[in-house]
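Using the UniProt record's numbering, you'd call the opening residue of the sequence shown number 1 and step up by one each time.
Glycine residues also receive a C-beta, built at the ideal position from the N, C-alpha and C atoms.
Bear in mind that the values here come from a model prediction, so they are computed numbers and not experimental data.
In what follows, a structure is listed as structure tokens, so that the remarks can point back to it.
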Amino acid sequence: MFKIYGWLVYNGSLQSEKFLEINMIYKETAEKKGICLDLIKNNEIYCLIENGVCSVKINILKKNPDFVLFLDKDVRLAKQLEKLGYRLFNSAKTIELCDDKILTYQVLSDNGIKLPKTLFSPLMFYETDDNDFINFIEKEFKYPIVIKEAFGSFGQQVYLAENKEQLISLRKRLYLKPHLYQEFIHTSRGKDVRLHVVGDKVVASMLRVSENDFRANISSGAKMYKYQPPANFIETAIKASKLVGADFSGVDILFGENDQPIVCEINSNAHIKNIYECTGINVSEYIFDYILQELKYNERDITI
């Protein structure tokens, strides 16, 4: 029998073959490590406050896990589970910091990490005269200007304003949403590096290059290549990951002048299929080794 039992929590609305395959990679790796891992949708766990008491109920009978591998962005569920004493990898705080790009930059700033110049949009509840803010953006940034929604995945909520007309149009479109404005790193147009960090090590990395898009997301058509990052990229990725408190992360780094590393974003639940196809490295093996270490298990403790 397995001595260690865990949950993998994923988003119940992501039922495509790609996402289900990633979940199965984790499950199969866990079994090889002597871990019984149940795959549970976030919408199968119900958060309750009843008679002033916090609880969760699950519509499938499950025993309490030794740990939870939380591969979703449902930070409210993550916080509820932590309040009840569950050990999450990653923590609710890390998920929150990574999911909100504004919070990510605030945490990374003032720590000796090079970041793109960034301006946060003020929180607004209804539209009002915006000329002063538009003028301020144009004063602080040169075109093209990168515009990002604070919440988003796969580069789908990242835009490029080439001129004032596009800036105003995007500003109106995103006015009531949390978003930011950022300098465009010309030296990294259409390319970046994804580094997978587990604990205090970079365990895998790849170069992503797009020939027809300023973004380097694989889902947008970029190609991926094996890449051995230089020491300064590795050091930057590990430092950034630690600052957001991540057990594991995917750190995206841009190429600055003279190939200096510039942190673009940090993913608390970076997908592992692309990096496996690119490098042959199964990042989930490193993640479960880390979890076992954190739980104070070793191979002698585990029997199947």
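Length of the line joining the Cα atoms of residue i and residue j
i           : j      : result
Asn45       : Ala30  : Residue identity differs from the one stated: residue 45 is Ile in this sequence, not Asn. Roughly 22 Å separates the two Cα atoms.
Lys57       : Gln80  : 11 Å
residue 345 : Thr104 : Lying outside 1 to 304, the shown extent of the chain, residue 345 is not represented and no answer is given.
Val146      : Asp200 : 31 Å
Pro65       : Cys36  : 10 Å
Met24       : Lys142 : 45 Å
Pro122      : Gln293 : 43 Å
Lys223      : Val158 : 18 Å
Ile40       : Pro116 : 37 Å
Lys273      : Asn90  : 19 Å
Lys62       : Gln156 : 36 Å
His271      : Tyr26  : 11 Å
Leu295      : Lys139 : 52 Å
Ile291      : Tyr225 : 28 Å
Lys239      : Ile95  : 17 Å
Asp259      : Tyr175 : 34 Å
Met206      : Ala92  : 27 Å
Val198      : Ile22  : 17 Å
Glu235      : Thr187 : 20 Å
Gln228      : Lys172 : 42 Å
Gln166      : Pro144 : 10 Å
Leu20       : Phe120 : 35 Å
Classification of residue i by the beta-carbon crowding that lies within 10 angstroms, buried from 16 upward
i      : result
Cys264 : buried
Ala231 : exposed
Cys54  : exposed
Glu211 : exposed
Met124 : exposed
Val209 : exposed
Lys33  : buried
Lys18  : exposed
Lys3   : exposed
Lys191 : buried
Ser241 : buried
Ile49  : exposed
Asn51  : exposed
Thr128 : exposed
Chain-order list of residues whose beta-carbon lies under 7 Å from that of residue i (same chain, five-residue window excluded)
i      : result
Lys101 : Lys148, Ala150, Leu180, Glu265
Phe233 : Val193, Leu195, Ile253, Pro261
Ala204 : His196, Ile275, Thr279, Ile281, Val283
Ile185 : Pro116, Leu254, Gly256, Ile262
Per DSSP, cross-strand counterpart(s) of residue i
i      : result
Asp38  : Trp7
His186 : None; His186 has no bridge partner.
Thr118 : Gln182
Cys54  : Ile49
His196 : Ala204, Gly250
Ala161 : Ile145
Asn267 : Gly250
Met224 : Arg208
Ile262 : Leu254
Lys191 : Val209
Leu88  : Val68
Same chain, Cβ closer than 8 Å to residue i, neighbours up to 5 away in sequence not counted
i      : result
Leu243 : Val107, Leu108, Asn111, Ile113
Arg189 : Phe214
Asn59  : Glu44, Tyr46
Asn267 : Cys98, Ser249, Gly250, Val251, Asp252
Ile168 : Ile134
Residues near residue i by beta carbon distance below 6 Å, same chain, minus five either side
i      : result
Phe154 : Asn217, Ser219
Trp7   : Asp38, Ile40, Pro65, Val68
Asn42  : Val9, Asn11, Gly12, Asp72, Asp74, Leu77
Kindly confirm or deny that the region 283-299 and the region 247-262 touch, where touching means at least three C-beta pairs closer than 8 Å.
Yes, since at least three Cβ pairs between the region 283-299 and the region 247-262 fall closer than 8 Å, the two stretches touch.
Any contact of the region 215-229 with the region 178-186, i.e. 3+ C-beta pairs under 8 Å?
No, the region 215-229 does not touch the region 178-186.
Across the region 63-82 and the region 7-19, are there enough close Cβ pairs to call them in contact, namely three or more that are closer than 8 Å?
Counting Cβ pairs under 8 Å, three or more are found: they touch.
Using 8 Å as the cut-off, can you tell me whether the region 154-167 makes contact with the region 78-92, which would need three or more C-beta pairs spanning the two stretches below that distance?
Judged by Cβ distances under 8 Å, the region 154-167 makes no contact with the region 78-92, as fewer than three pairs qualify.
Is the number of C-beta pairs between the region 270-285 and the region 117-135 that are closer than 8 Å three or more?
No: fewer than three Cβ pairs fall under 8 Å.
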